[in-house]
Structure formats: C-alpha cells, structure tokens
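Here's the structure we're looking at; comments come further down.
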Amino acid sequence: DEERKAAVALRDACDREGVHYDNRFQIVKYVLVAHSSVDDANPKAAELRLQAALKRLKRRNEWAEKIGLRSVDAAAALKEVEEKFPSYFVNLFSKDKNGCIVVAHHHAFSPIAYVNATKTNLAKFFAVEQYKMELAAADLDEARRGIALVTISDGKLTLKRALAYIRLCMVIAKGNLSDMHPHRIKHVYSQVPAFVSHLIEPAKQLLPKKIASRIHVVKTMEELDELLDQQKVLRTTVAWAAEREKKYNETVQSLAF
Numbered sequence: 189d190e191e192r193k194a195a196v197a198l199r200d201a202c203d204r205e206g207v208h209y210d211n212r213f214q215i216v217k218y219v220l221v222a223h224s225s226v227d228d229a230n231p232k233a234a235e236l237r238l239q240a241a242l243k244r245l246k247r248r249n250e251w252a253e254k255i256g257l258r259s260v261d262a263a264a265a266l267k268e269v270e271e272k273f274p275s276y277f278v279n280l281f282s283k284d285k286n287g288c289i290v291v292a293h294h295h296a297f298s299p300i301a302y303v304n305a306t307k308t309n310l311a312k313f314f315a316v317e318q319y320k321m322e323l324a325a326a327d328l329d330e331a332r333r334g335i336a337l338v339t340i341s342d343g344k345l346t347l348k349r350a351l352a353y354i355r356l357c358m359v360i361a362k363g364n365l366s367d368m369h370p371h372r373i374k375h376v377y378s379q380v381p382a383f384v385s386h387l388i389e390p391a392k393q394l395l396p397k398k399i400a401s402r403i404h405v406v407k408t409m410e411e412l413d414e415l416l417d418q419q420k421v422l423r424t425t426v427a428w429a430a431e432r433e434k435k436y437n438e439t440v441q442s443l444a445f
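If you read the sequence shown in the working numbering, its first letter stands for residue 189, the second for the next number, and so on.
What follows is the structure in structure tokens.
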C-alpha cells in the first residue's frame with residue numbers, strides 16, 4: 189500500500205545517503221508526519237513527501253548530534269529526572285477522547301534550574317522529552333492517530349512559577365520545535381488559571397487555523413477531566429515507560445519492509 193511504499197522509499201533513501209535512523213518504526217513515523225505536508229492532488233506528492241521526511245530526519249540528526257542526545261540513555265535519564273522532579277511529571281491521564289495517548293507535565297514545577305545547569309543536563313532533559321513522546325505512539329494505530337500533550341497548574345501556579353515554566357518553554361522552543369521530529373502532535377490541552385488563560389486565547393489568533401484548532405485551554409481540572417480519560421492505576425512515568433517500551437519494541441520487531 190501507499191504507506192508501505194513510502195516507508196521503503198524513505199528507508200532506501202536514508203541507506204543511500206548514509207542518514208541515521210533508529211529503527212523501521214521511526215521510518216514509518218516520519219512517513220506519517222510528512223504526509224500532511226503535501227496535498228494528495230499534487231502529481232508529485234510521493235516524491236515531495238519523501239524529500240520532506242528525509243529533510244526532517246536529517247535535521248533531527250544534526251540537532252541530536254549538536255546537543256549530544258545519542259550519548260544519553262533515555263530510560264536512565266528519565267529515572268534520574270523523575271526522582272529529582274517528581275511533581276513535574278503528571279500521570280493522571282491515559283488518553284484524550286480522540287484516543288490519542290497523553291504526555292503530561294505540571295506548569296508549576298519546572299526543572300529549569302536543572303536544565304540550565306550543564307550541557308549534560310540539557311541533553312538528558314531533551315532525551316527524556318523525546319523518549320516519552322516516542323513511546324506515546326507505541327504501535328501503528330497510535331502513530332497514525334497521533335499524540336496529545338497536556339499541561340496543568342492545578343491551583344499551584346504562581347507568577348514566579350509561571351515565569352520559570354516560560355523560561356523552560358523557551359529552552360524547548362530554541363531549535364527543538366523545528367520541523368524535525370517524528371511525532372504527530374494532534375492536540376494540546378492546557379489547564380491554567382485565569383491570569384494566564386486570557387493571554388493564550390488572543391495568542392492563538394496569531395497561529396495558523398489548523399494549529400490553533402488543536403490547542404484547548406481550560407481554567408479548571410474539572411473541565412480538563414471532561415476532555416481526557418483518567419489512568420486506571422496511578423504510577424510513575426518510569427513504570428509507564430517500561431510498559432510502553434515493551435509494546436514499542438514489539439512493533440519494531442513486527443515491521444518487515
């Protein structure tokens with residue numbers, strides 16, 4: 189089918205040009221994320237999507253090399269960062285009403301001081317963030333569906349903490365938000381107090397309509413509960429990742445092209 193042909197074409201292009209990729213599942217994810225970049229009616233859609241995916245993967249490799257991502261054990265980094273900042277990681281939700289697996293954080297407990305302390309810490313932080321998003325789409329159906337990002341404040345966001353979180357977002361946005369990752373982020377849910385929410389809505393008007401429509405801002409946890417499914421069992425992010433990684437690896441082993 190079209191998806192398989194595109195994956196084979198991208199794999200072969202990477203092999204010809206010596207472009208690193210982690211596994212076949214990552215190749216499929218790049219095919220999926222590049223699909224929406226070109227209209228189906230375009231007679232050169234397949235080639236344009238291939239080039240878009242290849243460019244995206246090359247850009248990610250350059251970024252990963254620059255910050256030292258490949259030298260980091262993501263699972264070990266997650267264990268370290270969660271032990272230091274347990275409140276930053278939110279494990280209340282499983283998926284949204286569209287079936288997208290949730291990756292969630294707490295606005296009020298930003299690890300910005302840790303992230304800015306050393307280049308090694310920065311690399312560990314990015315490795316953790318990418319690891320969680322990678323595992324949020326652990327099989328083909330989840331990858332096609334996309335993932336959901338969630339941030340909460342839960343009554344604990346002061347102005348000082350809000351500024352710390354903004355600083356963290358600036359670090360994340362510096363290069364990291366370029367078109368280079370294989371994640372299909374379909375929805376963003378943010379629960380924030382009124383003094384923040386009234387700033388977000390006008391800002392959404394500056395975004396492309398397609399992106400703005402994916403951002404959902406609410407003022408209370410009760411409103412957020414209406415949009416997301418709760419986890420049946422509360423657990424650490426490390427435990428969640430271990431379970432998701434098993435499923436992810438099964439998907440990698442099952443792909444043959």
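Glycine is no exception: its CB is placed at the ideal position from the N, C-alpha and C atoms.
None of these values were measured; they are calculated from a predicted model.
DSSP three-state call for residue i: helix, strand or coil?
| i | result |
| --- | --- |
| Q441 | helix |
| H375 | strand |
| T339 | strand |
| A292 | strand |
| F213 | helix |
| H369 | coil |
| H147 | The displayed coordinates of the chain run from 189 to 445. Any statement about residue 147 would go beyond what the structure contains. |
| F297 | helix |
| F277 | strand |
| R423 | coil |
| Q393 | coil |
| T346 | coil |
| K312 | helix |
| A262 | helix |
Taking C-alpha atoms, which residue in the options lies nearest to residue i?
| i | options | result |
| --- | --- | --- |
| T245 | T425, A429, E389 and P370 | Residue 245 is actually Leu in this sequence, not Thr. L245 has its Cα closest to that of P370, out of T425, A429, E389 and P370. |
| V303 | I289, K193 and K272 | K272 |
| A427 | R349, V278, E250 and A233 | V278 |
| V216 | E322, Y276 and S259 | E322 |
| R247 | H208, S385 and K283 | H208 |
| L416 | A336, A350 and D342 | A336 |
| K434 | I360, Y377, A263 and K267 | A263 |
| K267 | R349, K398 and T425 | T425 |
| A287 | H375, V221, E190 and A233 | With the sequence shown as reference, residue 287 is identified as Gly, and Ala is not the correct amino acid for it. It is H375 whose Cα lies nearest to the Cα of G287. |
| S442 | V290, S224 and N211 | N211 |
Could you name the residues that DSSP lists as bridge partners for residue i?
| i | result |
| --- | --- |
| L416 | D284 |
| H404 | Y377 |
Mind reading off the beta-carbon distance from residue i to residue j? Whole number of angstroms is fine, and I expect it under 8 Å.
| i | j | result |
| --- | --- | --- |
| I300 | M409 | Wrong, their Cβ atoms sit about 24 Å apart, outside the cutoff. |
| I255 | A311 | 5 Å |
| L238 | A201 | 6 Å |
| Y353 | S282 | With a Cβ gap of about 24 Å, Y353 and S282 do not count as contacting. |
| F445 | R192 | 6 Å |
| H295 | S275 | Not quite, the Cβ-Cβ distance comes to about 11 Å (not below 8 Å), so this is no contact. |
| A241 | A229 | With a Cβ gap of about 19 Å, A241 and A229 do not count as contacting. |
Is the segment 423-441 touching the segment 311-329 in the sense that three or more CB pairs, one from each, lie closer than 8 Å? With the cut-off at 8 Å, the segment 311-329 and the segment 423-441 touch.
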